[in-house]
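Data first, discussion second: the structure below is written as structure tokens.
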Amino acid sequence: METLKGKQVLVVGATGTIGAAIVKLLVGSGALVAITGRNKSKLDELARANGISLNRTVEMDLASTASIIAAMTTLKQEMPVVDILVNAAGVGIIKPLELLSESDLLQSLQVNLIGVFHLVQAVLPGMKEQKKGLIINIPGILGKVPMAGAAAYSASKYGLVGMMQSIREELKRTEIRITNLFLGGVDSAFWDHIDLRVQRDKMVVAEEAAKAVWFLCQQPRSGVVSEMVLQPFNHQAI
Ligand SMILES: NC(=O)c1ccc[n+]([C@@H]2O[C@H](COP(=O)([O-])OP(=O)(O)OC[C@H]3O[C@@H](n4cnc5c(N)ncnc54)[C@H](OP(=O)(O)O)[C@@H]3O)[C@@H](O)[C@H]2O)c1
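2 is the number of the first residue of the sequence shown in the working numbering; add one for each residue after it.
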């Protein structure tokens, strides 16, 4: 396993349930972590709890290209090259097609797909210069297997998978790794606003999902984990 000590790791969506758990594990392993989220006070609280300098906390709204570009420009002063990008941000709009609006679809695509496009464009030049790097996304099972009510969400997550797989093809002559983590249901704030009967006590615990990301951040130099699937034991979709 590669060491995390001294690695420059950018965690996007660090204020989320899984994101915050990832930050804790990475800092605990000696990584030099920078964090982004939409809410400044949540970000600062997370930074304080993990001993991260407030200079390494940046507000970023993935729904706004201008916000992503501004955030990545600010971050460059603290983190000129990102060794590992972990994208733990995402929006989940799950409802039947007749209730889905065009704006639901656009928001899903903007945050889960187009925002990631801009993020990846921002970190890749530095990684290409070093000829190495790692980008981890969390498309989730719904980026691989369909579910009723997930038309907008799955459109964005299947799109994310396709985009990252194509980018991987462009990076074949480098040591830049692209990893997609397919998580099944994880007990997190993600489900707070989803009108669906789910058994949260049967879901994967957020800290365990974070451990999977922590493991993926240390994948061996001699190989690459292109994808990983982690889902609740009693609700396996694959
Ligand atoms: N929980 C699951 O069952 C599950 C399963 C498979 C995949 N996933 C994926 O795992 C990732 C993390 O989810 P989670 O379970 O930790 O959910 P969560 O607790 O709701 O966290 C979501 C994160 O995404 C951020 N976010 C939402 N909209 C954003 C925007 N417009 N710009 C920037 N950040 C935005 C949130 O920021 P704020 O703090 O500012 O709201 C938060 O940090 C997501 O990509 C999700 O799709 C989750």
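The C-beta atom is built at its ideal place from N, Cα and C for all residues, glycine as well.
- When DSSP states are grouped into helix, strand and coil, R178 belongs to the strand group.
- With a threshold of 16 other beta carbon atoms within 10 Å, V199 falls short and is exposed.
- Annotation: V121 to M229 spans about 20 Å, alpha carbon to alpha carbon.
- When C-beta atoms of the stretch 53 to 60 are compared with those of the stretch 96 to 105, fewer than three pairs fall below 8 Å, so the two segments do not count as touching.
- Spatial neighbours of N235 in its own chain (CB-CB distance under 8 Å, excluding positions within 5 residues in sequence) are listed in chain order as K203.
- Contact between A22 and A211 holds: their C-beta atoms lie close to 3 Å from each other, under 8 Å.
- Counted as a single uninterrupted DSSP element, the stretch harbouring G38 is not any alpha helix (DSSP H) but the beta strand (DSSP E) occupying residues L33 to G38.
- Our two residues, A15 and M61, have alpha carbons roughly 11 Å apart in a direct line.
- Taking 8 Å as the cut-off, the beta carbon of L231 is found no closer than this to the beta carbon of A207.
- Secondary structure at K77: helix, using DSSP grouped into helix, strand and coil.
- Counting only residues of its own chain and dropping the five nearest sequence neighbours on each side, M165 has a CB closer than 7 Å to the CB of N138, I179 and N181.
- For G38, the shortest separation between its Cβ and any heavy atom of ligand 1 lies below 7 Å.
- DSSP places D45 in the helix class (H, G or I) of the three-state scheme.
- In this structure, the straight-line span from the alpha carbon of H194 to that of E3 is close to 38 Å.
- Of the residues assessed, D196 falls on the exposed side of the cut-off, its CB having fewer than 16 other CB atoms within 10 angstroms.
- For T58, the enclosing beta strand (DSSP E) stretches over residues T58 to E60.
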